[in-house]
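Notes for the one structure printed next.
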Amino acid sequence: MDQFQGRYLSWETKGGVIEVALHRDPCNEIGLLALEELEKLASAFEGLARESHALIVYSTLKSGFCAGADLRELYFRSKEMEKAQAVSGVRDFLERIHKVLNTIDAAPLTTIAAVHGVTFGGGFELALVCDLIIADKMARFCFPELRLGLVPGFGGIPRLKRDLGNGVVRDLLLTGRSFNATKAQAVGLVSQVVAEGEALRVARATAAQLRKFDRRTAIAAKKFIKPIPYHELKQEIDLFCRLFVEPAVEAGLRKFVESTDALPYLP
Numbered sequence: 006m007d008q009f010q011g012r013y014l015s016w017e018t019k020g021g022v023i024e025v026a027l028h029r030d031p032c033n034e035i036g037l038l039a040l041e042e043l044e045k046l047a048s049a050f051e052g053l054a055r056e057s058h059a060l061i062v063y064s065t066l067k068s069g070f071c072a073g074a075d076l077r078e079l080y081f082r083s084k085e086m087e088k089a090q091a092v093s094g095v096r097d098f099l100e101r102i103h104k105v106l107n108t109i110d111a112a113p114l115t116t117i118a119a120v121h122g123v124t125f126g127g128g129f130e131l132a133l134v135c136d137l138i139i140a141d142k143m144a145r146f147c148f149p150e151l152r153l154g155l156v157p158g159f160g161g162i163p164r165l166k167r168d169l170g171n172g173v174v175r176d177l178l179l180t181g182r183s184f185n186a187t188k189a190q191a192v193g194l195v196s197q198v199v200a201e202g203e204a205l206r207v208a209r210a211t212a213a214q215l216r217k218f219d220r221r222t223a224i225a226a227k228k229f230i231k232p233i234p235y236h237e238l239k240q241e242i243d244l245f246c247r248l249f250v251e252p253a254v255e256a257g258l259r260k261f262v263e264s265t266d267a268l269p270y271l272p
């Protein structure tokens, strides 16, 4: 399938590059719809990768790349269930999203996240599975989960530990504050910082450059330098589910849902 048009995302292949566009208002929150369409992408990877050498993920929305998990959906779905049933549902969701993100992480392609604006929580985790992050100067990165009584659940902790020093990991996780693009580049999170609105153009130029290299060598190099921390990823799911039953989580989610702020996920 060279093209797909969904309600959350779309993709098409151009010149050996798979371009995945996120386009779900207000800021590409990841809920059940997003998961289902991301699963379609993951299931199409084997066929897409035969004719492609790179993948770019970007957002068409002005608000940013992705604000993370759909917390309103999570809250209202959980309220409708018994506690044990809610935890089972959360575990199923996390296992499915991990499977998708692990597929992207290990894809035999060079993957690029072209980000701008809000790149928070699960959106940050989506960017982290890509080999390169190209950010426009207005991008902001954050793990705000602790204010909800949770930890990142889409694989963010193990992947940050894989890619960055512990001081940076602890700063992002324990303070909940955001990094701007300049700070993100300084600590090694972002490979390039570009002018506002230029991330996709630069990502496309980078993907075109990658086409000059031998595909098998690029695949071998990626596999060597980018191990996937499967054991720690499973531990993260267990920790998230254990914390999910705590009263602080329900209180944090309720506060988020009842907020009248236009962007309640911002620090």
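Each residue of the sequence shown is one higher than the one before, counting from 6 in the numbering used here.
By construction, the Cβ of each residue, glycine as well, lies at the ideal position given by its N, Cα and C atoms.
Beta-carbon gap between residue i and residue j smaller than 8 Å
| i | j | result |
| --- | --- | --- |
| Leu178 | Val192 | no |
| Leu46 | Leu114 | no |
| Glu56 | Gly21 | yes |
| Cys71 | Asn33 | yes |
| Asp141 | Ala186 | yes |
| Glu51 | Gly11 | no |
| Val134 | Arg175 | no |
| Val207 | Gln214 | no |
| Thr124 | Gly69 | yes |
Neighbourhood of residue i by C-beta, 8 Å cutoff - its chain only, sequence neighbours within 5 removed
| i | result |
| --- | --- |
| Lys84 | none |
| Pro272 | Residue placement at Pro272 is poorly supported in this model, since its pLDDT is 47, which falls under 50; the coordinates still yield a value, given next. So the list reads Cys147, Pro149, Gly181, Arg182, Ser183, once near-sequence residues are dropped. |
| Leu258 | Leu76, Leu79, Tyr80, Ser83, Leu153 |
| Leu40 | Phe98, Arg101, Ile102, Val105 |
| Ser264 | none |
| Asp136 | Thr115, Thr116, Ile117, Lys227, Lys231 |
| Met86 | Gly94 |
Residue range of the unbroken alpha helix (DSSP H) whose run includes residue i
| i | result |
| --- | --- |
| Thr187 | 186-191 |
| Glu44 | 37-55 |
| Arg182 | Premise fails: Arg182 is in no alpha helix (DSSP H) and is neither H nor E. |
| Leu233 | It is Ile, not Leu, that sits at residue 233 in the sequence shown. Unbroken run through Ile233: none, as it is neither H nor E. |
| Leu169 | Premise fails: Leu169 is in no alpha helix (DSSP H) and is neither H nor E. |
| Phe261 | 252-263 |
| Ser83 | 76-84 |
| Leu194 | No alpha helix (DSSP H) holds Leu194; DSSP gives it neither H nor E. |
Endpoints, beta strand (DSSP E) assigned at residue i
| i | result |
| --- | --- |
| Asp141 | 137-141 |
| Leu151 | Counting along the chain, Leu151 falls outside any beta strand (DSSP E), and DSSP gives it neither H nor E. |
| Tyr63 | 59-64 |
| Glu24 | 22-27 |
Spatially closest choice to residue i from the options, by CA coordinates
| i | options | result |
| --- | --- | --- |
| Lys67 | Gly122, Glu87, Lys104 | Gly122 |
| Gly160 | Val199, Leu248, Gly127, Thr18 | Gly127 |
| Arg247 | Leu99, Glu201, Asn107, Lys231 | Leu99 |
| Gly158 | Asp30, Gln10, Leu27, Ile35 | Ile35 |
| Ile224 | Thr124, Gln240, Ala112, Lys188 | Ala112 |
| His103 | Ile117, Ile233, Ser264 | Ile233 |
| Ala118 | Gly73, Ala89, Val195, Met86 | Val195 |
| Ile139 | Ala200, Gly172, Lys88 | Ala200 |
| Arg220 | Ala54, Ala26, Leu165, Val207 | Ala54 |
| Leu244 | Arg167, Asp110, Leu137, Ile162 | Ile162 |
| Lys166 | Lys188, Lys231, Phe261 | Lys231 |
| Leu238 | Leu37, Leu38, Asp110, Ala144 | Asp110 |
| Val262 | Glu44, Gln8, Phe9, Ala74 | Ala74 |
| Ala144 | Lys217, Ala26, Glu203, Glu87 | Glu203 |
Own chain, CB closer than 6 Å to residue i, minus 5 neighbours either side, in chain order
| i | result |
| --- | --- |
| Arg29 | Tyr13 |
| Leu205 | Tyr63, Ala119 |
| Gln190 | Val198 |
| Gln8 | Glu17 |
| Thr65 | Ala26, His28 |
Same chain only: Cβ atoms within 7 Å of residue i, ignoring 5 sequence neighbours per side
| i | result |
| --- | --- |
| Glu4 | For the chain, the structure presents residues 6 to 272; residue 4 sits outside this window and is missing. |
| Leu38 | Arg12, Tyr13 |
heavy atom of the ligand GTP below 7 Å from residue i C-beta
| i | result |
| --- | --- |
| Lys228 | You won't find the ligand GTP in this model; it holds no ligand whatsoever. |
Query raised in the report: Do three or more CB pairs link the segment 79-98 to the segment 143-153 at distances below 8 Å?
Result: Cβ pair count under 8 Å is below three, so no.
Query raised in the report: So, do the segment 246-262 and the segment 129-142 have three or more beta carbon pairs nearer to each other than 8 Å?
Result: The segment 246-262 vs the segment 129-142: no contact.
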